[in-house]
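These protein sequence lines are chains A and B, in that order.
If you're matching positions, the first sequence starts at 36 in the numbering used here and goes up one per residue.
If you're matching positions, the second sequence starts at 13 in the numbering used here and goes up one per residue.
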Amino acid sequence: DVKVTQSSRYLVKRTGEKVFLECVQDMDHENMFWYRQDPGLGLRLIYFSYDVKMKEKGDIPEGYSVSREKKERFSLILESASTNQTSMYLCASSPRGGLVNTEAFFGQGTRLTVV
Amino acid sequence: QKEVEQNSGPLSVPEGAIASLNCTYSDRVSQSFFWYRQYSGKSPELIMSIYSNGDKEDGRFTAQLNKASQYVSLLIRDSQPSDSATYLCAAYNFNKFYFGSGTKLNVKP
């Protein structure tokens, strides 16, 4: 089974702190993604990466950065946490794929509260 | 127009009935399609993927894809209270996934 593991299930951080969310996948997938999910807003893409050291901005990259130094690990960084970044953060991975076998698999999620 | 659109619901069906969930998509996303189930407070889990026109069945679940009309549907037969969740429709194109906002399904005992 594909396994995507996020480093924390729950996090509480203070405003202004630098926050690191880590994600590791064990299926040698090329693509990795970071989403945030808020009630009524659905899943919103923050950043994604289609290869090591490659990254692309998603729909809401402001206030975030990412790092992908190894294929299996994709980190999300909140440079200076703010209360409006309180959310559920979801990491996902998928093979690059062609026409088939492109499913995304999600980690368990990190519920981040910024106080 | 959003790339993937769903009715937010809630959709309520009695136990044992067929639940029908629908999703439309734009021209910008047309490669492959997925249905995810998400229980409250949990992460989405993949139920079905469908890549070509027609029906695909897996147990109580059937996914339908109609590329000419640009819609994808999910049928759940013999609905159970444990099927109560939010169902997300997703499309994949050029290394990106596009998610609908989800339809909340309530199955009443």
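Idealized CB from N, CA, C, for every residue including glycine.
query, result
"Nearest candidate by alpha-carbon position, reference A/Arg71, set A/Glu114, A/Thr50 and A/Thr145", "A/Thr145"
"Spatial distance of B/Gln92 from B/Ser24 (CA atoms)", "12 Å"
"Same chain, Cβ closer than 8 Å to A/Glu114, neighbours up to 5 away in sequence not counted", "Lys53, Gly98, Tyr99 and Ser100"
"Under 9 Å by beta carbon: chain A residues contacting B/Ser52", "Going along chain A, no residue has its Cβ under 9 Å from B/Ser52, so there is no contact; the nearest lies around 11 Å."
"Listed by chain order, chain A residues near B/Gly114 by CB distance under 9 Å", "Gly77 and Leu78"
"Where A/Asn119 sits in the DSSP three-state scheme", "helix"
"8 Å contact criterion, which A/Gly16 and A/Val39 should meet: CB distance rounded", "Residue 16 of chain A is absent from the model: chain A starts at 36 and stops at 150."
"Neighbour flag for B/Tyr37 against chain A, beta carbons, 7 Å", "no"
"Within chain A, the residues that B/Asn78 reaches when beta carbons sit closer than 8 Å", "Residues of chain A passing the Cβ test: none, with the nearest at roughly 18 Å."
"Residue from B/Gly66, B/Pro22 and B/Gln13 with nearest C-alpha to B/Arg40", "B/Gln13"
"Own chain, CB closer than 7 Å to A/Glu65, minus 5 neighbours either side, in chain order", "Tyr85, Asp86, Pro130 and Arg131"
"Helix, strand or coil at B/Pro22 according to DSSP, with G and I counted as helix", "coil"
"Closest residue to B/Asp42 among B/Asn65, B/Ser96 and B/Gln18 (Cα-Cα distance)", "Strictly speaking, residue 42 of chain B in this sequence is Ser, with Asp absent from that position. Selected option, being the one with the closest Cα: B/Asn65."
"For B/Asp95, the three-state DSSP class (helix, strand or coil)", "helix"
"Length of the line joining the Cα atoms of A/Leu76 and B/Ser113", "7 Å"
"A/Val150 - DSSP class collapsed to helix/strand/coil", "coil"
"Burial state of B/Thr20, where buried means 16 or more other Cβ atoms lie within 10 Å", "Strictly speaking, residue 20 of chain B in this sequence is Ser, with Thr absent from that position. B/Ser20 is exposed by the Cβ-count criterion."
"Beta carbon proximity, A/Asn66 to chain B, threshold 7 Å", "yes"
"For B/Ser61, the first and last residue of its enclosing beta strand (DSSP E)", "Glu57 to Ile62"
"Integer Cβ distance of B/Val84 from B/Tyr51, believed to fall under 8 Å", "The pair is not a contact, with the Cβ atoms about 21 Å apart (cut-off 8 Å)."
"Contact check, B/Val119 vs B/Asp90, beta carbons under 7 Å", "no"
"Straight-line gap, A/Arg79 to B/Ile30 (C-alpha atoms, nearest Å)", "30 Å"
"Local conformation of B/Lys14 per DSSP, three classes", "coil"
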